[in-house]
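Take a look at the structure below.
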Amino acid sequence: MKSYPRFHCRFTILVGNRTHLSNIEKFYYLLGCLQSGPSDVVKGITVSESTYELAWSALVQRYDKPRQLATNLVNEMLNAQINHQESPAVLINFLNTFCENIALLQSLNIPDLGLFLLFAISVRCLPSTTHRLFEQGNTADFPTVDSLLYFAKDRVEVLENSGSSLIQTTVKPQAKLVFNKPKHTNSKPNQSASKAPRSHQGSPVALVANKPAGESHRCEQCNGSHSLTSCSTFKDLSIDDRYALASKHRLCMVCFGSNHWANKCKSSCSVCHGRHHQLLHRDNSHAKIPPSKDPVASYIGTQHSRSVLLGTASVNVCDVAGCLQPVQALIDPASQVSLMTSECVKRLGLFCEQWTVPVAGLAGQLVQSINGRVQISIQSATDGSMINLSTWTMPKITGSMPSAQLPVSVRNKCSHLVLADPNFDSPAPVELLLGADVFSQVIRRRRHDLGVGLPTAFVTIFG
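Structure (structure tokens):
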């Protein structure tokens, strides 16, 4: 409907008013201009000299609705996205939306544009029944806010006189922030939860979703009525795929529970007694990974079987001007949230939303020094696509990664790979941590085993 005024004007000037064209020619020109939707209006009309006017009238009757178009234009401007970042693309999108809509509004020749704008803003807040009754009795092409207010006052009297003073409303369930509580406490139920959302102070936020009471457990892999650990399909997956599935559904990596994080779990691996589930246990001394021709890899794994080398990557992040800037990132699926240093946020010029609640995140531990939250966009090195995510900000994430210079032999082992971090073997400060909340979007299924006692290179979207 938004493009109809432009189409109507152009077609009338270029085709409709041309006296040397026959109606059949005009009809075929009309059919050539219509796409799905408008073409359905005239598809049942036979092309002939006498039916062109009928087809044109059907289109006009269907789409020539100035009042509906004006309302849609106002609503589109009211619902326009509020942008906090400065970039040419953002401003161009802003200009395209408002310049086009304002020009179309002015072209409709609304008698009193100001009063109609107030009407369009006000009518959005009416109950649906009252709105329908107003439209049934309205005769003006462009009603004003005064007529709406008069009708609303009369509607109040009707409801009061008919004994309908109590209006029932249906409230949809909304997502809630769930706060961790100590296991042994004498406080009253819901006491902390009733206060915390207002002040953003209290217990750490556990970023998980509540399930409705009485809902039976469903397998996250096949949606069957059994636990994930009993799922044969899940057991057939590789360890990497199991890890990705657990990260996607925000499960505890130790017991696959959905109501707590790993730092609250008392279980351990039955094979090595480590802080992971036995279905996630890796036996590096017996794992045989076939060689891969895919040269793209991110460096992550174990070194000398006792120290852990987490995956690092040099990623491209959009700054405030929309330009891509290199940021040193650490990929850690044990962290349940993503983090960015305050210095990096300042360097990129990004808008930071203030936040004061400690977050359960880094390796399942509480992150106390949270400064705020920022929205970032990361570009994939493989296909150029963008990943949008919300990260928490803090002064420092961790020490340099790796903690010490790696032997030259390790670099030689992966010389055939295109690494996400070309300087993976040299210590570098970490500016961004990509946790379990985006791990499933970052990791790929392929990996490269460099040998016994050496790290494993995992394929990611960064390299």
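Residue numbers (this note's numbering): 1 to 463. Note that the Cβ used here is the ideal one computed from N, Cα and C, for glycine as well. Bear in mind the structure is a predicted one, so any value in this text is a computation, not a measurement.
- Between E431 and C344, the alpha-carbon positions lie close to 6 Å from each other.
- For G137, there is no enclosing beta strand (DSSP E); the enclosing alpha helix (DSSP H) covers residues S128 to G137.
- Per DSSP, reduced to three states, the secondary structure at I443 is strand.
- For M401, the beta-bridge partners assigned by DSSP are A428.
- Residue environment for P127: exposed (fewer than 16 other C-beta atoms within 10 angstroms of its C-beta).
- A Cβ-Cβ contact shorter than 8 Å links M253 with A334.
- Within the same chain, S440 come within 7 Å of K248 by CB-CB distance, once the 5 residues on both sides are set aside.
- Of the candidates P5, Q136 and L228, the residue whose Cα lies closest to the Cα of K65 is P5.
- In the three-state reduction of the DSSP assignment, M253 falls in the coil class, being assigned neither a helical nor a strand state.
- In the displayed model, T144 falls within coil according to three-state DSSP, outside both helix and strand.
- Boundaries of the beta strand (DSSP E) around C352: C352 to Q354.
- Residue state for Q375 is assigned as strand, using DSSP reduced to three classes.
- A contact is defined here as three or more CB-CB pairs under 8 Å, and the stretch 22-32 fails this definition with respect to the stretch 98-108.
- Counting other Cβ atoms within 10 Å of its Cβ, F98 stays below 16 and is therefore classed as exposed.
- Burial is judged here by how many other beta carbons sit within 10 angstroms of a residue's own beta carbon; Y243 has at least 16 and is buried.
- When only Cα atoms are considered, T391 and N161 end up about 55 Å apart.
- Around the beta-carbon of E220, 16 or more other beta-carbon atoms lie within 10 Å, marking it buried.
- Taking C-alpha positions only, V442 is separated from I397 by approximately 20 Å.
- Following the DSSP letters along the chain, one finds Q81 in no alpha helix (DSSP H), marked with neither H nor E.
- Assignment of P422 by DSSP, reduced to helix, strand and coil, places it in the coil class.
- Collapsing the DSSP output to three states places S39 in a helix.
- Under the criterion of beta carbons closer than 8 Å, Q85 and L339 do not qualify as touching, at roughly 19 Å.
- In this structure, I378 lies near V317, with their beta-carbon atoms less than 8 Å apart.
- Taking C-beta separations shorter than 7 Å and ignoring five residues to either side along the sequence, the partners of L450 in its chain run K413, C414, T456 and A457, following chain order.
- Straight-line spacing of the CA atoms in A55 and H8 works out to 13 Å.
- In the three-state reduction of the DSSP assignment, I45 falls in the coil class.
- Counted as a single uninterrupted DSSP element, the beta strand (DSSP E) harbouring N388 occupies residues M386 to M394.
- Residue environment analysis places F424 among the buried positions, since at least 16 neighbouring C-beta atoms fall within 10 angstroms of its C-beta.
- For L450, there is no enclosing alpha helix (DSSP H), as DSSP marks it with neither H nor E.
- With a 10 Å radius around the Cβ and a threshold of 16 neighbouring Cβ atoms, R447 comes out buried.
- Here L324 is bridged, per DSSP, to C318.
- Under the three-state reduction of DSSP output, G311 falls in the strand class.
- In this structure, the alpha-carbon of R373 lies about 23 Å from that of S385.
- A direct Cα-Cα distance of roughly 40 Å separates G399 from C222.
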